[in-house]
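Below is one structure, written out as structure tokens; comments come after it.
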Amino acid sequence: MPSFPVPVPRVSPYRRHLQRLSLALLAVAFTAPTLTAQHAERFTAWTQPVFPVAEYMARRAAALSKLGENDVLLIPSGEGTSGGETFRQQDDFEYLVGLEVPRTILALDGRTRRALLFVPGTDARFENIARPNDFPGRPLASDPALRALSGVDSVLTDSSLNAFLFSATQRGARVLINAGRPGAAVLPASSAFAMPSAGAILATELQHEHAELTLTNAYPLMASLRMIKSPREIATMREAARLTMVAIARGAARVAPGVDERTLTGAFSSDCMALGAQRDAFTPIIKSGENSLWPWRILGAHYTRRNRTLRRGELVIYDVGCERNHYVSDVGRTFPVGETFTPRQRELVEMVRRISDAVIAAAKPGTTLAELQRVASQAIPETAKPFMQAPLYFGHHLGLDTSDPSLADAPLAPGMIFTIEPWYYNHRDAVAVFIEDEILITPSGSENLTAGLPRDAAGLERLRSGADKIVQSDNAQRTMTRDGVLAFTLVRSSGAVQVYDLLNGREVATTPVCARPLSGELTENDVSFVVRCDGVERSVYVNTASYAVVAPPLREPVLRALSATVSSAVASARTIAGQPTKKTEVIVVGTVHAEHRTSARYSADVLRRLLQAMRPDYVLTEIAPN
44 MPSFPVPVPR VSPYRRHLQR LSLALLAVAF TAPTLTAQHA ERFTAWTQPV
94 FPVAEYMARR AAALSKLGEN DVLLIPSGEG TSGGETFRQQ DDFEYLVGLE
144 VPRTILALDG RTRRALLFVP GTDARFENIA RPNDFPGRPL ASDPALRALS
194 GVDSVLTDSS LNAFLFSATQ RGARVLINAG RPGAAVLPAS SAFAMPSAGA
244 ILATELQHEH AELTLTNAYP LMASLRMIKS PREIATMREA ARLTMVAIAR
294 GAARVAPGVD ERTLTGAFSS DCMALGAQRD AFTPIIKSGE NSLWPWRILG
344 AHYTRRNRTL RRGELVIYDV GCERNHYVSD VGRTFPVGET FTPRQRELVE
394 MVRRISDAVI AAAKPGTTLA ELQRVASQAI PETAKPFMQA PLYFGHHLGL
444 DTSDPSLADA PLAPGMIFTI EPWYYNHRDA VAVFIEDEIL ITPSGSENLT
494 AGLPRDAAGL ERLRSGADKI VQSDNAQRTM TRDGVLAFTL VRSSGAVQVY
544 DLLNGREVAT TPVCARPLSG ELTENDVSFV VRCDGVERSV YVNTASYAVV
594 APPLREPVLR ALSATVSSAV ASARTIAGQP TKKTEVIVVG TVHAEHRTSA
644 RYSADVLRRL LQAMRPDYVL TEIAPN
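Counting from 44, one number per residue, gives the positions in the sequence shown under my numbering.
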């Protein structure tokens, strides 16, 4: 029987969500329950933002300051569905909101100066009427925790979005949506082969539903915000870079003739996660011999190519990164497969290092990327220029992505983090060398965040032999306390340690240590930050307990939302559908003894208000050790 195409009416994702929800409710109404579903899950039981609410509020305030009175910035979240991979939020949404919510829109309104979150009523991923025990449901729009954790002005149901957009249309608002790259059209060209971004999907939907809206690319706005990293972001990226350095050092010790690339790749990913990363920043690029002569786009275009067996006399390149709390790293080193470099290999490694050093030395506030490219070009010997790609591809910005949005003509400014990675690919002589570092622009110049991983030929050979055990340590070069409250930065130029209070977002001290500090790291128990000094057989210990961290005052709207969250949780635990439950809920709100440094961030006033909001049946004031 011949088949004929059946026209399918176009339905907006917001209406589609409501239709799915309606069908689910009808199915429940006409299905006799055979199992009692467990109590619906809470958002806060599964996830929480990486940073304090003040961080996201400050970012949105900065975005609003760049909007005109008749501008509306729309930021879509991730779809949320999964084919087995772990959900990762869209970068712009993660940056401005910090919540792992699917199918959600953040709207920043230039006229009202308000941040509105349009959220599904429930999380469809937690719903399956055939399996109520496994899929108990999870409310979203009605959960006050969303507002408390993000600090937005209002959380509305996704069904309210159309009314908001209609109002924007009526006033002739300009709608800004990130098209993914500078100069790109917000509405993508129609193609059956294109992979539309979240912004492109949203723009296409708006064109269909609200054709009168003026759409503008928000890429320049988002790039101007995300290029400058906050101290909290810098501390997180330091940690991601540290994990990557340790994982590379461990990987280098595994390099040997007869080992294949895929084994090294799997070991690197395993090390990242064992050290505390949530995932790889990107598929690790570990390439040897003839594979090392090709960029990742060429190698990655094939299913089986990236699994050569390493051979003595060759080089192996690591171009890899761990991801920590959504922030990525990207570091590169070249190692000999044998015990040492050949004289020619050593010469090339030192040449690439010198080129990289020249670019790093020129990186300082006020310099442009174009000027750094000219410095790289001037540092390349004439005989090497046919094989070097530094003039065009010396590096890229880092942050939530390995290609964080950036503006090519923007002068470098404190807080920017980018890579410097001159490439040497010589197909004629069948040799490639790669060194990549992460550079932070500081008020006085720049800092190489990955300088703790050797970059010279002798240091790379030590890593390859496994002799450099310090760099392989779990605790090597750790600068952020495990509770995420304090960050320590060793400033080699001034011989001092800067201490930053990440909870309140402020520097609390600059402590002189020694004239020529070499390295610094926290002890395993977080008691001291130990600085190793050059020229003397000693280390300087900076006591972390010296820096008290006081809990920041809660904004009244956030406090009200937090109290409502706790009250709602207790009320729902006591009764479901008007019937007393058999479930006993124990809520632990705790501190350790006041003498411990980390206890200072808990305020007795906050605890008192929480207890008033919860009205618990019983209060146990202290739990004895063990």
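In this text, a Cβ means the ideal position worked out from N, Cα and C, and glycines have one as well.
All values derive from a computational prediction rather than experimental measurement.
Outcome for Asp362 when other beta-carbon atoms lying within 10 angstroms are tallied against a minimum of 16: buried
Rounded C-alpha distance that separates Gly194 from Val392: 49 Å
Cβ-Cβ distance between Leu159 and Val140 below 8 Å: no
Residue closest to Asp472, alpha-carbon to alpha-carbon, out of Pro429, Asp480, Asp452 and His440: Pro429
CA nearest to the CA of Ala671, picked from Asp577, Gly364, Asn568 and Ser203: This structure cannot settle anything about residue 671, because the visible part of the chain is limited to 44 through 669.
Assigned secondary structure, Pro382 (DSSP; H/G/I helix, E/B strand, else coil): The sequence as given places Glu at residue 382; Pro does not occur at that position. If DSSP states are grouped into helix, strand and coil, Glu382 belongs with coil.
Unbroken stretches of the alpha helix (DSSP H), 4 residues or longer, contained in the stretch 453 to 536: 500 to 508 and 512 to 515
Cβ-Cβ separation, Ala97 to Gly548 (assumed contact under 8 Å), whole Å: 7 Å
Which of helix, strand or coil DSSP assigns to Thr212: helix
Exposure of Ser399, with buried meaning 16 or more beta-carbon neighbours within 10 Å: buried
Burial state of Gln672 (16 or more Cβ within 10 Å): Lying outside 44 to 669, the shown extent of the chain, residue 672 is not represented and no answer is given.
Cut-off 6 Å between Cβ atoms - residues of its own chain near Glu504, not counting five sequence neighbours on either side: Thr383
6 Å Cβ shell around Gly458 - same chain, five flanking residues per side excluded: Ile271 and Lys272
Residues sharing a beta bridge with Asp544, DSSP: Leu529 and Arg549
Alpha-carbon spacing of Ser203 relative to Arg658, whole angstroms: 34 Å
Ile482 beta carbon less than 8 Å from that of Ser489: yes
Sheet register partners of Gly563 (DSSP bridge): Val574
Limits of the unbroken alpha helix (DSSP H) element including Tyr262: Tyr262 to Arg269
Nearest-angstrom beta carbon gap, Ala299 and Tyr262 [assumed within contact, 8 Å]: Incorrect: roughly 45 Å between the Cβ atoms, too far for contact.
Close beta carbons around Ile244, own chain, < 7 Å, minus the five adjacent residues each side: none
Pro274 beta carbon less than 8 Å from that of Leu545: yes
Buried/exposed call for Gln213, threshold 16 Cβ in 10 Å: exposed
The alpha helix (DSSP H) enclosing Val198, as first and last residue numbers: First-last for Val198: Ser197 to Thr200, but that is the beta strand (DSSP E), not the alpha helix (DSSP H).
Whole-angstrom distance between Pro497 and Asn113, CA atom to CA atom: 52 Å
Residues near Ala456 in its chain [Cβ-Cβ closer than 7 Å; skip 5 each side]: Ile271, Pro408 and Ile484
Pairwise C-alpha distance: Gln515 and Glu567: 14 Å
Test item: CB-CB of Gly563 and Val551 under 8 Å: no
Spatial neighbours of Leu318 in its chain, beta-carbon cut-off 8 Å, leaving aside the 5 residues before and after: Leu286, Val289, Ala290, Cys365 and Asp517
Which residues DSSP lists as bridging Ala158, in chain order: Leu151
Cβ separation of Gly294 and Thr352, assumed to be a contact under 8 Å, to the nearest whole Å: Between Thr352 and Gly294 the Cβ distance is about 16 Å, and since that is not below 8 Å, they are no contact.
Residue span of the alpha helix (DSSP H) that contains Val96, given as start and end: Val96 to Ser108
Environment of Gln655 [buried if 16+ CB atoms lie within 10 Å]: exposed
Residue environment, Asp660, which counts as buried when at least 16 other CB atoms sit within 10 Å: exposed
N- and C-terminal bounds of the beta strand (DSSP E) containing Asp114: Asp114 to Pro119
Residue environment, Arg376, which counts as buried when at least 16 other CB atoms sit within 10 Å: buried
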